[in-house]
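The block underneath contains the structure these notes are about, expressed in structure tokens.
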Amino acid sequence: MAPHDISIGSPQLPWRENAPSLPDGAIAAAADHSYIWKYGFLARGPSNVREHLPPLYAVWADLLAQAKSAPVRLRDPSPVAEGWRESIRKMPYISPSPLIQRADMDVLIRARQVLVCLLHFYIHSLPVEPTPTTPARVPSCLARPLLALSRALGVPPVVTYADTTQYNYAVDDTNTNTEDGKKRLRVLNNFSGTEDEAHFYLTSLHIEAAGAKALNAIRILLDNQRQHKHQHQHQHQNYDARAEQLTALAGHIRTMNATLANVRNGCAPSVFYHSVRPWYVGCPTRGAWIFDLGGEEEEEGGETLRSRWVSADGVVEPMAGSTAAQSALFHALDVFLNIEEHTHETQKGGNFLMRMRAFFPLADRCFVDALALETRGFRKRGIMSEAEVKAYNDVVTALRDWRTTHVRIATLYVVNQARGIAEKDKSGERETLLDEKGTGGTELVPFLKGVRDRTGEGAINMPEERRRRT
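Below is the structure:
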């Protein structure tokens, strides 16, 4: 599988300056999204991905390496796993305040990622599945630095899509080039230790890389619209230029579609469902996880550890695990195309896709919010000619087709696997597995089909008077 080039140059585009309202405790650097036009949502560029932590925090990375090498397994009662969990409980508390004060984003991101992986190894290796009556109690030496770093970065203290994809790669120095001269990537964190899991992450990485090219096409379109906003001469050339970029955007989405379909060539559905997916699961219900704050409500420097996710007494609120719905890329495409009103349907309990934005990296959230302001009305004002309408509808079709592939993958990798378990359970007590929920907590396939179908509703039916005008 040939990786995509993940560093893309693009023309300068004035970007509306909006000072975001930072979540409590978040540092301003976490909201900086200036790099996204160049690299997409893949961290802050491959050269900035940090694999190692400063020496003071090496114990965190060492314990993560031990979990992988043991290996610590799901619901693992073995002496080896219990010994590792005891090492977590006896781990010295190390304040992350020096890291936060330095505000080196790449180090902060990696430090939090290591801690959140320790959290999931710890919780999901416990022999008994956590519930509010038998909660998983996370020791203070892990809970406190994780909460402090998560607050500083403006994200929840749980494994997110960014942790498994956007921040989970490095350039492979042992075999740097593919046949076409591009850089190979390798995965940093792998819960199951399987090649299937690595292939799954690399598939998402390559989709995000193609997404960076899609964002470049969007940037050129916005630049074109701004430059010609008050110009009426050469309009037909302008129409053609926009249609050309829309066609390019559709092509990038089709590349993402082909890449997604390729996940089947290296990740077995049964391995994903039974050995990989359970590691992602977040806190399923309030109180199933308890963070021991050690009698301390404040981190050094007076920062409270409380957040919307964790109460003062350490009770954890429900948190979604890593899910593709947390990819800012497809939110950005919906926003640019002005089809959110179709795809982001409001359901009981609120809009699921909008809720998933709370699990974006803060920079991604700020970018999507700014893009929404920048592209408001694009569909009505920016699509004028028949060629543009045709190209725009081609983009919508490509996005709908991607979501069709996503439905098929979800059915193969989740629903069919759950059905197999249910069929083996002769007691019939597991029939609800046929309505399998995603790691985000929603009814998986009905939700994905609904988003897919509503995406198709975003196509433009060009009015006859607009045809005459062109």
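Just so you know, the sequence shown maps onto residues 3 to 472 in the numbering used here.
Every residue, glycine too, gets a C-beta built ideally from N, C-alpha and C.
Given the structure is predicted, the values throughout are model-derived calculations rather than measurements.
Local conformation of residue i per DSSP, three classes
i: leucine 190; result: coil
i: tyrosine 241; result: helix
i: tyrosine 124; result: helix
i: alanine 33; result: helix
i: valine 370; result: helix
i: glutamate 445; result: strand
i: glutamate 82; result: Looking at the sequence itself, residue 82 is valine, so the reference to glutamate does not match. DSSP places valine 82 in helix when its eight states are reduced to three.
i: alanine 45; result: strand
i: leucine 436; result: With a pLDDT of only 37 at leucine 436, under 50, the local geometry of the prediction cannot be trusted, and the value read off the model is given with reservation. Reduced to three states, the DSSP call for leucine 436 is helix.
i: cysteine 119; result: helix
i: serine 277; result: helix
i: arginine 75; result: coil
i: histidine 54; result: coil
i: alanine 461; result: coil
i: tyrosine 95; result: coil
i: leucine 110; result: helix
i: valine 265; result: helix
i: asparagine 353; result: coil
In DSSP terms, what residue i is bridged to
i: isoleucine 292; result: Arg139 and Val317
i: tyrosine 394; result: According to DSSP, which records beta bridges pairwise, tyrosine 394 is partnered with nothing at all.
i: tyrosine 171; result: Val189
i: valine 312; result: Val318
Local Cβ density within 10 Å of residue i, reported as buried at 16 or more and exposed below that
i: glutamine 115; result: buried
i: arginine 288; result: exposed
i: tyrosine 41; result: buried
i: methionine 258; result: buried
i: leucine 375; result: exposed
i: histidine 35; result: buried
i: glutamate 459; result: exposed
i: tyrosine 95; result: exposed
i: methionine 321; result: buried
i: proline 132; result: buried
i: proline 57; result: exposed
i: valine 130; result: exposed
i: arginine 104; result: exposed
i: histidine 54; result: exposed
i: serine 127; result: buried
Nearest candidate by alpha-carbon position, reference residue i, set the options
i: threonine 162; options: Arg52, Gly284 and Ala245; result: Gly284
i: glycine 316; options: Ser324, Leu307 and Ala322; result: Leu307
i: tyrosine 394; options: Arg405, Ala412, Phe361 and Asn340; result: Asn340
i: glutamine 328; options: Thr136, Asp455, Val160 and Leu151; result: Val160
i: valine 447; options: Val416, Thr457, Asn463 and Ile423; result: Val416
i: lysine 392; options: Arg357, Asn191 and Ile462; result: Ile462
i: glycine 213; options: Leu224, Gly296, Leu44 and Val61; result: Leu44
i: serine 194; options: Asp78, Glu343, Trp62 and Ser309; result: Asp78
i: histidine 408; options: Arg310, Glu342 and Arg266; result: Arg266
i: glutamate 445; options: Thr413, Arg91, Thr166 and Ala154; result: Thr413
i: phenylalanine 274; options: Asn192, Thr399 and Ser309; result: Asn192
i: isoleucine 292; options: Pro98, Arg139, Ile90 and Pro73; result: Arg139
i: alanine 83; options: Leu155, Leu110 and Pro73; result: Pro73
Original post:
Is the region 214–232 close to the region 241–257, with three or more CB pairs under 8 Å?
Top reply: yes
**OP:** Could you tell me whether the region 355–370 touches the region 315–333, using the rule of 3 or more Cβ pairs below 8 Å?
**Re:** yes
Subject >> Any 3 or more C-beta pairs closer than 8 Å across the region 105–122 and the region 62–69 >> reply: As far as the Cβ criterion goes, the region 105–122 touches the region 62–69, which means the pair count is three or higher.
Original post:
Is the region 192–203 touching the region 263–279, taking contact as three or more C-beta pairs under 8 Å?
Top reply: yes
Subject >> Given 8 Å, three or more beta-carbon pairs between the region 242–252 and the region 162–172 >> reply: no
Original post:
Okay, do the region 383–392 and the region 241–248 touch, 3+ Cβ pairs below 8 Å being the bar?
Top reply: yes
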